[in-house]
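What follows is a short report on a single structure.
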Amino acid sequence: MVSPLLHSISGRISLHSPEQPEPSSSNRTRVYIYDDSSDSVLGSLVFSSTVIRVSIQFDFLIVVLDTETHIYHLKDLTLLKRVTTCSNPKGLACVQLRNGCPVLCLLGEKKGHIRVIDGNRDFSFHAHETAISAMCLSSNGELLASASVRGSVIRVFDASSGKCLSVIRRGRMHADIVNIEFDRHSQYLMCNSATTVHIAKRAVMKRYFKQSELSLQEATTEEMVSADSNERMFKGLFSDSFSFRYANPDRSKSMLAVFGSEPESVFVLTANGLFTKLSIDAEKGLVRYQVTDLRSC
-10 MVSPLLHSIS
0 GRISLHSPEQ
10 PEPSSSNRTR
20 VYIYDDSSDS
30 VLGSLVFSST
40 VIRVSIQFDF
50 LIVVLDTETH
60 IYHLKDLTLL
70 KRVTTCSNPK
80 GLACVQLRNG
90 CPVLCLLGEK
100 KGHIRVIDGN
110 RDFSFHAHET
120 AISAMCLSSN
130 GELLASASVR
140 GSVIRVFDAS
150 SGKCLSVIRR
160 GRMHADIVNI
170 EFDRHSQYLM
180 CNSATTVHIA
190 KRAVMKRYFK
200 QSELSLQEAT
210 TEEMVSADSN
220 ERMFKGLFSD
230 SFSFRYANPD
240 RSKSMLAVFG
250 SEPESVFVLT
260 ANGLFTKLSI
270 DAEKGLVRYQ
280 VTDLRSC
């Protein structure tokens, strides 16, 4: 098992000390914080249950347990907030800055709910009928996208209110969504399952915002009818809502896709060690322009 290392500008974080053998999952209850420049331990945190995920985002250290999420100030490890959630086996939690202030999105206490902590505002809303499988914030903290364990529909919300702005259908078949993310400028929204990548253009999403800023209850009810019967799409959508699609050539291997730092670039890493660079072409779709076999590097 590869050690889950997460890096920040000034340090890195691991679930185990480099001087010690990696513990089994049943013993992953301690988090160590290291300073790369001095190779020294800055501090540690101990929890009563298994740590599922740890991340450093901006000035925050986020530690996710199965039914709790702990947020610390990174500088001095002061506990800022302890939030009770529903079961969170994937360790879902995300934070972005909106006008310099942090916006934190976590799972709610009820299945299918998302909790948003935005300055002095703290609210939860009903996002999906089933458990949430993936979620992300746009880089400006204004938009929130999520998918449920069904994986057939991606929803986009106003992160400041929880209002459902659009529902984008990925397909009729259920799928395990590995990752959802907006690109740096929120021009594209990407949905990544184990075998396919789907990308929606911002131009499409703008149309949704103008035509169907529906309340959460309206969005939930309408989409349930559409998903269950497959007879009609969500109000304001058209059938091919995702603009670009890329399928893993080896469907027996899982993959992870992320946006690159260059405009309209996508990186895909598969479990068999292939690293693929894609570019978004308005006419040709997702174009593969470089493939590297990391096993030979």
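Numbering (the working numbering), first residue to last: -10 to 286. Glycine included, every Cβ here is placed at the ideal spot set by N, Cα and C.
Problem set entry | DSSP three-state assignment for Ser250, whether helix, strand or coil | On the sequence shown, position 261 is the one that residue 250 refers to. In the structure shown, Ser250 falls within a coil segment according to DSSP collapsed to helix, strand and coil.
Exercise. Looking only at its own chain, which residues have a Cβ that is under 7 Å from the Cβ of Thr73, when we skip the five neighbours before and after it?
Worked result: As a first step, residue 73 must be located in the sequence shown, where it is residue number 84. For Thr73, same chain residues with a beta-carbon under 7 Å away, outside a window of 5 residues either side, are Thr56, Glu57, Glu98 in chain order.
Exercise. Can you check whether the CB of Leu50 is closer than 9 Å to the CB of Val40?
Worked result: Within the sequence shown, residue 40 is the residue found at index 51, counting from 1. Within the sequence shown, residue 50 is the residue found at index 61, counting from 1. In this structure, Val40 lies away from Leu50, with their beta-carbon atoms at least 9 Å apart.
Exercise. Hey, Met124 and Ser141 are a contact pair by Cβ (cut 8 Å); roughly how many whole angstroms apart?
Worked result: On the sequence shown, position 135 is the one that residue 124 refers to. On the sequence shown, position 152 is the one that residue 141 refers to. The pair is not a contact, with the Cβ atoms about 16 Å apart (cut-off 8 Å).
Exercise. Are Phe146 and Ile188 closer than 9 Å when you measure CB to CB?
Worked result: Taking the first residue of the sequence shown as position 1, residue 146 is located at position 157. Taking the first residue of the sequence shown as position 1, residue 188 is located at position 199. Against a cut-off of 9 Å, the Cβ pair of Ile188 and Phe146 comes out as no contact.
Problem set entry | Residue closest to Val84, alpha-carbon to alpha-carbon, out of Glu118, Gly101, Gln46 | Taking the first residue of the sequence shown as position 1, residue 84 is located at position 95. For Val84, the closest alpha carbon among the candidates Glu118, Gly101, Gln46 is that of Gln46.
Exercise. Helix, strand or coil: which one does DSSP assign to Arg19?
Worked result: Sequence index remark: in the sequence shown, residue 19 carries index 30 (1-based). In this structure, Arg19 counts as strand in the three-state DSSP scheme.
For this session: May I ask you to report which of helix, strand or coil DSSP gives Leu299?
Result: Because the chain is modelled from -10 through 286, residue 299 falls outside the range shown and cannot be assessed.
For this session: Could you spell out the range, first to last residue, of the beta strand (DSSP E) harbouring Cys75?
Result: As a first step, residue 75 must be located in the sequence shown, where it is residue number 86. Annotation for Cys75: no beta strand (DSSP E) segment contains it, and DSSP assigns it neither H nor E.
Exercise. Got a sec, what are the start and stop residues for the beta strand (DSSP E) Phe118 sits in?
Worked result: Working through the sequence shown from its first residue, we reach residue 118 at position 129. First, the amino acid is wrong: residue 118 is Glu here, not Phe. Looking at the DSSP string, Glu118 is not in any beta strand (DSSP E), and its letter there is neither H nor E.
Exercise. For Arg234 versus Thr185, is the C-beta spacing smaller than 9 Å?
Worked result: Taking the sequence shown and counting its residues from 1, the one referred to as residue 234 is at position 245. Taking the sequence shown and counting its residues from 1, the one referred to as residue 185 is at position 196. Yes. Within cutoff.
Exercise. If you run the structure through DSSP and keep just helix, strand and coil, what is Arg191?
Worked result: Position 202 of the sequence shown, counting from 1, holds the residue named residue 191. When secondary structure is reduced to three states using DSSP, Arg191 falls in the helix class.
Exercise. Mind pulling the beta strand (DSSP E) runs of 3 or more residues that sit fully within the stretch 116 to 171?
Worked result: 121 to 126, 132 to 137, 142 to 147, 153 to 158, 166 to 171, all fully within the stretch 116 to 171.
Exercise. Of all the options Cys75, Lys79, Ala148, which has the alpha carbon lying nearest to the alpha carbon of Val289?
Worked result: The chain is shown from -10 up to 286; residue 289 falls before or after that span and cannot be answered.
For this session: Classify Gly89 as helix, strand or coil using the three-state DSSP reduction.
Result: Here residue 89 refers to the residue found at position 100 when the sequence shown is read from its first residue. For Gly89, the three-state secondary structure derived from DSSP is coil.
Problem set entry | Three-state secondary structure (DSSP) of Glu98 | Against the sequence shown, residue 98 aligns to sequence position 109. If DSSP states are grouped into helix, strand and coil, Glu98 belongs with coil.
Problem set entry | Boundaries (first-last residue) of the beta strand (DSSP E) holding Glu57 | Along the sequence shown, one-based indexing puts residue 57 at 68. DSSP places Glu57 in the uninterrupted beta strand (DSSP E) bounded by 57 to 62.
Exercise. Does any C-beta atom of chain B lie closer than 9 Å to the C-beta of Ala236?
Worked result: Looking for chain B here will not work: only one protein chain is present.
For this session: Specify the secondary structure class of Val30 as computed by DSSP and reduced to three states.
Result: As a first step, residue 30 is located in the sequence shown; it is residue number 41 there, counting from the start. Looking at Val30 - three-state DSSP - the assignment turns out to be strand.
Exercise. When the distance is taken between beta carbons, is Ala120 closer than 9 Å to Val138?
Worked result: By one-based count along the sequence shown, residue 138 stands at place 149. By one-based count along the sequence shown, residue 120 stands at place 131. For Val138 and Ala120, yes; Cβs fall inside 9 Å.
Exercise. Out of curiosity, what's the CA-to-CA distance linking Gly32 and Ile22?
Worked result: Walking along the sequence shown from the start, residue 32 turns up at place 43. Walking along the sequence shown from the start, residue 22 turns up at place 33. Take the alpha-carbon of Gly32 and the one of Ile22: they are about 5 Å apart.
Exercise. Mind checking Glu251: buried by the 16 CB within 10 Å criterion, or exposed?
Worked result: For the purposes of this step, residue 251 is identified with residue 262 of the sequence shown, where counting begins at 1. Glu251 should be labelled exposed.
Exercise. Would DSSP call Gln176 helix, strand or coil?
Worked result: To locate residue 176, count along the sequence shown from 1; it is residue 187. Here Gln176 sits in coil by DSSP.
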